[in-house]
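Heads up, the sequence shown is in my numbering, so the first residue is 44 and it goes up one at a time. Note that the Cβ used here is the ideal one computed from N, Cα and C, for glycine as well. Structure record follows, encoded as structure tokens.
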Amino acid sequence: MNTTTLDFRSLPIAERIQLVEDIWDSIAENTAGALHLSSEESAELHRRLSEHHNEPSSSIPWEQVRSTLFGNQRQ
């Protein structure tokens, strides 16, 4: 394990967001199949997916959501 200390607070917000996304992606890669949803979470995902299939135009693309949330911070 690399023990180099990173003062993440000094990074620009966009870089901190990217760092969190990269960490989350690496966790997802390393735990594929190991994380389990509760029955309630699974039911909610199925409900949302069904809603999307029934009315795709009601969905908002992730890039649009990200842009709305973070605006110019991503640049």
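| Check | Outcome |
| --- | --- |
| Express the C-alpha separation of arginine 109 and isoleucine 66 in angstroms, rounding to a whole number. | 17 Å |
| Using only the alpha-carbon positions, how far apart do arginine 52 and glutamate 64 sit? | 16 Å |
| Are the beta-carbon atoms belonging to histidine 95 and serine 85 less than 8 Å from one another? | no |
| By how many angstroms is the C-alpha of arginine 90 removed from the C-alpha of phenylalanine 57? | Correcting the residue identity first, residue 57 is alanine in this sequence and not phenylalanine. Spanning the two alpha carbons is a distance of roughly 33 Å. |
| At what residues does the alpha helix (DSSP H) containing glutamate 58 begin and finish? | 56-73 |
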